[in-house]
Amino acid sequence: GIQVEQSPPDLILQEGANSTLRCNFSDSVNNLQWFHQNPWGQLINLFYIPSGTKQNGRLSATTVATERYSLLYISSSQTTDSGVYFCAAGRDSSYKLIFGSGTRLLVRP
Amino acid sequence: DTAVSQTPKYLVTQMGNDKSIKCEQNLGHDTMYWYKQDSKKFLKIMFSYNNKELIINETVPNRFSPKSPDKAHLNLHINSLELGDSAVYFCASSRSPTGGNYGYTFGSGTRLTVV
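Note that the protein sequences, when read in sequence, are chains X and B. Just so we're aligned, residue 1224 is where the first sequence starts under the numbering used here, counting upward by one. Just so we're aligned, residue 79 is where the second sequence starts under the numbering used here, counting upward by one.
Quick look at the structure:
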């Protein structure tokens, strides 16, 4: 099955800093999503991005499917960005979305 | 108006008991899922239904049984609860089994503690 690896596992930022989170996947995928789990446990879908680039406010994501990676950019980080960021990947044929182990982000004021 | 709602939010129960978690979505999505998140935050698919038909049935103990009475509801029944079942269980939905251009919408989770 598909393996999903995320890096770094932990990240501490000062408020206002920028960061890049990486997701590598082991096989071709046509379903790639990024999620944020806030400190209260809620999982929020950030991007559905099997290929290309999308932006939503201070967040943007790029997936290069042919090279099997996706990047999540956070600009001008805020304390409310803290939490765990998950990448998840899948293929149409199996319907399963496989989650990476996440990147724990702490943004300090 | 909550898009994907799960009940209960917290569930504390003794070993050996039987319990159910309910999930409802009002997004008009065709596909619903159950995910389990363990103490290390790892998320794993358990089941998925598309239009009331089971399409994913991962290797979980057969003490876990999903039921989808209609495409807006997906319930999870657990028999003979064990300590190792303690986890957070998330329900999710999407327009189609492949995500449907907007991806998954998750419920707020049910924290199950077996004592």
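Heads up, the beta-carbon is just placed ideally off N, CA and C, and yes, glycines get one too.
Would you say residue i reaches chain X, if we count a Cβ-Cβ gap shorter than 8 Å as a contact?
i	result
B/K119	yes
B/G106	no
B/N129	no
B/V90	no
Please decide whether residue i counts as near chain B, where near means a Cβ-Cβ distance under 8 Å.
i	result
X/L1266	yes
X/D1315	yes
X/K1277	no
Near residue i, which residues of its chain fall below 6 Å by C-beta distance, leaving aside the five closest residues on each side in sequence?
i	result
B/S172	H107, T109, G178, Y182
X/S1283	Y1296
B/L161	V192
Considering only residues of the same chain and omitting the five flanking positions on each side of residue i, which have a CB-CB separation below 7 Å?
i	result
B/K130	S146, D148, K149
In the structure shown, what three-state DSSP assignment does residue i receive?
i	result
X/T1285	strand
X/E1290	helix
B/D116	coil
B/T80	coil
B/L89	strand
B/L161	helix
X/D1304	helix
B/L141	Before going on, a small fix: residue 141 of chain B reads as Arg here, not Leu. Residue state, collapsed to three classes: coil.
X/N1254	strand
X/T1276	strand
My understanding is that residue i touches residue j, with C-beta atoms under 8 Å, so please give their C-beta distance in whole angstroms.
i	j	result
B/V192	B/L159	5 Å
B/L190	B/A165	6 Å
Does residue i pass the burial test, meaning 16 or more other C-beta atoms within 10 Å, or should it be called exposed?
i	result
B/K114	buried
X/A1312	buried
X/D1304	buried
X/T1286	buried
X/P1273	buried
By Cβ distance, which residues of its chain are closer than 8 Å to residue i, with the 5 residues on each side in sequence left out?
i	result
B/D96	H155, I156, N157, S158, L159
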